[in-house]
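Visitor: My questions will all concern the structure given below.
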Amino acid sequence: MKGTGLELPRATIGVSRWRRFRAAVDWPLILTVLAICGIGLLNLYSATRGTKHHAKFDKQLGYMVVGMVGFAIATIIDYRALVRVAWVGLGIAIFLLLVVRVLGVGVKGSNRWIDIGIVPIQPSELAKLMVILALARMFQDAEPSHYTPRQLLIRLAVLGLPIGLIAIQPDLGTAMLLALMVLTVGYLAMPSVRPMAYLTVAANFAIPVLWETMHDYQKNRILAFIDPSADPTGNGWHTRQSIFAVGSGKIWGKGFGGGTQNQFDFLPEHWTDFPYSVWAEEWGFAGSLVLLLIFGFLLVWILNVALSARDRVGAVICVGVAAMTFWHVVVNVMMVLGLAPVVGVTLPFISYGGSSLVTFFLAMGLVANVSLRKHGY
Amino acid sequence: MLIRDSSGGGPALPELHKRLRWLALFGIGMFLLLIGRLWQLQVMRGDSYYQRTVSNVVKERYLPSVRGKILDHKGQPLADNRPAFNIYATPKTLTDETRAELARMLGLSDDELVKLAERLEVGKKRDAKNPVLILEDQGRDRAALVEQARAHLPGIEVRHEPYRYYPQGELAAHLIGYMTQMTSDEVVEKQGYDTSELVGRYGLEAAWENYLRGKKGEERFAVDARGVRLDDKTAASLISGERVIEAVPGANLVLTIDADLQRLAEKAISHVPAAAVVIVEAKTGRLLAVVSKPSFDPNVMTGHLTRAEETLLLSDPRKPFIDKAVRATYPPGSVFKFVTALAALEDGQAAEDESLTCTGEYELAGTTFKCNATHGKLDLLGAIQHSCNIYFWKLAERIGLDRIAQVATEYGFGLPTHLGLNGDAAGRIPTKKSYEEHGRYKIGYATNAATGQGDVEVTVLQMAMAYAALGNGGSLFVPQVVDRVEASDGHTIIAYQPKLARQIRTPLDALDTWRRGMWKVTNEPGGTAYDHAKFDLVPIMGKTGTAEIKTHHNKAEDERDLDGWHPTRSHSWFAGWTPAEDPEIAIVVFVEHGGSGGRIAWPIAKQILEGYYTKIHPLPAPPAGPAGDGAGSAAPPKAGAPR
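Read top to bottom, the protein sequences are chains A and B.
First residue of the first sequence: 24, per our numbering; consecutive thereafter.
First residue of the second sequence: -3, per our numbering; consecutive thereafter.
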């Protein structure tokens, strides 16, 4: 056990190892994640059964098994050991992002994937985890005067590198999400919030610069978001049809398999970016609210782990995962509800797709890791 | 060691503890924003979005109803339906390339391309996902071409549907009318019509649209986002209520018209450029034939009219689209003289045996009017027989214009006949007051009116109804063209009875006097008709008219190279009935700019009547009857004799 860093509370001496382990494992976290996965599967089944996409359900099940294995691994390896090599990990992520620039597989005009033989992987997803670990490393022992502004800027610049690489893939959604994660963790873990405030202001100034460098399809999506009715069959289509789908669910929804918007393809590719729309159509305001509350509970629970973590590193990891989850949920749901442009941000554990699913399982594994070790030394 | 535990008793991350309240505020704020939006979309606006998603999926399609037939009295179809290939396009899915491909493949004419573009535009405005009719009634080869290439022509489909057709071609075209496609404005105004539908535009097709049309059915079905139809089981789960409402076929119209007689009448006027004929049952007012020439082919008008043809028809100075029997008004000339004679007789201002002298000229208020001949001394019957104008001018001077107008109105002139078709015109009967309103009344107006000239204008139909009344002893009927309305299964829905407009107040002895004069016209030497042709199958009574027209020269019309069209000539009239004593039918023949009534209109009437009594309504084998041995044995009528 020493090798894994898994040390059990003294009070449990005499109880079998398995029972001690079971008692220390964060069951509420696991159950919450499984509940969300269950909802995701139900939703995917409803939306794809009887269509040519029905194989997606089985595939998603497979990804889940992989994800759970990842969760176990991320739980067992001591997070302190992981954080020790955080900069190396971030370096690998940056390297893979560079590889993607060169060899990547294009999807709809942007390079986001690397085919490593078995499955294509998305280095930007890996980068999210590595950024969380690097943030933990950065804030591990931040005494009030630990970093000079210069040192801080250097570190933030290193964190900015993957964001920039992802932005030029171009995957604006993920880049923005990473930026939000970094800012959020900074606000919650920095001794002083002032540098973060400066950074926030600076990020806002970057927006017009960013606009100039954007591809036309990206600009069009944002313009379509501002006025979806201007081009109802083109870029505004998704947003409009998604709003119709959500609204048409009314209070109690159309019931399982009853969503005409998703069943008859009015909402193309709803399984990746718009599963919440499917859910809202079929289960109405009641179901939509329940799912949001479950996510809310998950976030509160992760923060609870952060508050009771045994060290700063663990706490920051939890804050990072919470920030990642929070922004994924908020941005995705805003997208579905027509409050944000369609930027390709997934809904944790519900969106179809291996990369996102496995990433979130790994992230939750890290939280379980911190939770498991909070009573140890 | 790199990692230092900071668990010295305090929280691991004191900053998080410090800022927890702000974090909670921010997180809860964001979630409330999402929940608020959900509330807005699902609870506040849910119903309208629900409707939107239903209309995304559930589409409606009209099921065409089969239009009712129009049949003649004996059941001959005048308007029917036949199967045809119609090409439809869905504006939303039709690309410019497909359109070009279709045009190339079928070799569409410019006319057809314009039509196609217009209809797509209309369809797009209404519902771009709903197919619109772009090319109707296409030939088998075109349909086959499109059918074969369907895979390359997304958005195009061929439907096999009933199409209106007129088996008799131009026969009774004005009466039957024709149909054309709805305009975009009409589609908006009229409920229950589809953009692709034809609607009655003229004649009975227009006037009886509501009966002929039937009721369209409706089919509701479900589609996915690409507009592909979903299977019935899925559709049933999405659509509440009836999915198919069957169409109700339109009702058939059975006319009073006799198609054979109509054909005969049309044949009889084949040698004149413009004419109208009305034949009516004298004792019922049921119309047997109503002819207007020049005509048009309703088959062409119904969806096949090219721009060139349309221009030609519209520029024809004879105005083919005006129903010359019902809508157009003309000066009646001498056929109108009965009004003057009856008015004077009723007032005691004229007598059958009063002789007056015609010197060929007549001076009135400083102007000299000319008679058609110098008739010398003649009585009233002679004046009718020879159509002497001067005799009637003298009568007009005695009774005045208003008395003429009064009797004319009694016989239905100046009022619409209420045929309810093609805008039947009232015509014009001037009165003293009508002149005074626009200037000064002169006695010359009365003398003009007395001989059916000046400002008197009547329709051919009015004249036929008036002569029927003269013949039947004074019953003026409302003309009737529809005998009954039948449902598609043949049972009668409505049967129409003859309708009396009014019983004329003219005393019977006055009527008798007029009729004795008419007898001379067609049966005695010197009669304006008798001198030109003799009809001796049955006793006949008639009156000719040669109505001078107001000389207005239209250079373009005069120069038009139309055979036999002389727009400066008088109109030629004949009005009468057979048999003389117990009238069965009344007939009016009008030849526009035909010239002399006796020479032109009367022989046409004679030809029609001969056809009628040999083919349509053959006379019983002559039992040594008087009809066989010619005019000599026919005695003057004694219609009012029993009294």
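By construction, the Cβ of each residue, glycine as well, lies at the ideal position given by its N, Cα and C atoms.
1. Quick check on B/K320: buried or exposed, where buried means 16 or more other Cβ atoms within 10 Å of its Cβ?
2. Roughly how many whole angstroms lie between the Cα atoms of B/G467 and B/A243?
3. Where A/L380 and A/L84 are concerned, what is the direct C-alpha to C-alpha distance, given to the nearest angstrom?
4. Is there a Cβ from chain A that is less than 9 angstroms from the Cβ of B/H487?
5. Within 10 angstroms of its Cβ, does B/T355 collect 16 or more other Cβ (buried), or is it exposed?
6. Helix or strand or just coil, what does DSSP make of B/P290?
7. If you drop the 5 nearest sequence neighbours on each side, which residues of the same chain put their C-beta closer than 6 angstroms to that of B/N444?
8. Quick one: which chain A residues come within Cβ less than 9 angstroms of B/N126?
9. Considering only residues of the same chain and omitting the five flanking positions on each side of B/K438, which have a CB-CB separation below 7 angstroms?
10. Is the distance from the Cβ of A/V208 to the Cβ of A/L179 below 9 angstroms?
11. Does the segment 370 to 377 of chain B come close enough to the segment 332 to 348 of chain B that 3 or more CB-CB pairs lie under 8 angstroms?
12. Taking the alpha-carbon of A/T171 as reference, which of A/P298, A/I266, A/L195, A/P218 has the nearest alpha-carbon?
13. Apply the 10 Å Cβ neighbour rule to B/E482 and answer buried if 16 or more other Cβ atoms are within range, or exposed otherwise.
14. Can you tell me whether B/T542 is buried or exposed? The criterion is at least 16 other CB atoms within 10 Å of its CB, across all chains shown.
15. Check whether the segment 209 to 225 of chain B touches the segment 93 to 107 of chain B, taking contact to mean three or more Cβ pairs, one atom from each stretch, closer than 8 angstroms.
16. From B/V585 to B/I395, what distance separates their C-alpha atoms?
17. Ends of the beta strand (DSSP E) at A/H261?
18. Put B/V128 into one of helix, strand or coil per three-state DSSP.
19. Can you confirm whether B/E11, when its beta carbon is compared against all beta carbons of chain A, has any partner nearer than 9 angstroms?
20. For the segment 17 to 74 of chain B, list the alpha helix (DSSP H) runs that are entirely contained and at least 4 residues long, ordered along the chain.
21. Give the DSSP-derived three-state secondary structure of B/R100 in the structure shown.
22. Is B/H382 helix, strand or coil by DSSP?
23. Please return the same chain residues whose Cβ sits closer than 7 angstroms to the Cβ of B/I(-1), not counting the five positions on each side in sequence.
24. Out of B/P614, B/Y608, B/E544, state which residue places its alpha-carbon closest to the alpha-carbon of B/A264.
25. Measure from the alpha carbon of B/D254 to the alpha carbon of each residue in B/A168, B/P616, B/F473, then state which is nearest.
26. With a threshold of 9 angstroms between beta carbons, is A/G361 in contact with chain B?
27. In the structure shown, what three-state DSSP assignment does B/A107 receive?
28. Taking buried to mean at least 16 other C-beta atoms within 10 Å of its own C-beta, is B/E433 buried or exposed?
29. Thinking C-beta only, is B/L415 closer than 9 angstroms to B/V477?
30. Going by beta carbon distance, what residues of the same chain come within less than 8 angstroms of A/K242, once the five residues before and after it are set aside?
31. Tell me the rounded alpha-carbon separation between B/E277 and B/P328.
32. Near B/I241, what residues of its chain come up, given a Cβ to Cβ distance below 8 angstroms and the 5 sequence neighbours on each side ignored?
33. Determine the contact status of B/E406 and B/I500, defining contact as a CB-CB distance below 9 angstroms.
34. Using 10 angstroms around the beta-carbon of B/Y46, count the other beta-carbons present and answer buried if the total reaches 16, otherwise exposed.
35. State the start and end residues of the unbroken beta strand (DSSP E) segment that holds B/W204.
36. Within a Cβ cutoff of 7 angstroms, which residues of the same chain sit near B/L200, ignoring the five residues on either side of it in sequence?
Guide: In brief:
1. buried
2. 47 angstroms
3. 10 angstroms
4. no
5. exposed
6. coil
7. G450
8. Ordered by position in chain A, no residue passes the 9 angstroms Cβ test against B/N126, which lies about 16 angstroms from the chain.
9. A361
10. no
11. yes
12. A/P218
13. buried
14. buried
15. no
16. 29 angstroms
17. Note, A/H261: premise wrong, no beta strand (DSSP E); alpha helix (DSSP H) at 259 to 271.
18. strand
19. yes
20. 42 to 53
21. helix
22. helix
23. No answer about B/I(-1) holds up, because its pLDDT of 41 lies below 50 and its placement is not dependable.
24. B/Y608
25. B/A168
26. yes
27. Looking at the sequence itself, residue 107 of chain B is Asp, so the reference to Ala does not match. In this structure, B/D107 counts as helix in the three-state DSSP scheme.
28. exposed
29. yes
30. W234
31. 21 angstroms
32. L59, G213, E214, E215
33. yes
34. buried
35. Premise fails: B/W204 is in no beta strand (DSSP E) and is neither H nor E.
36. I66, L171, I172, G173, L249, L417
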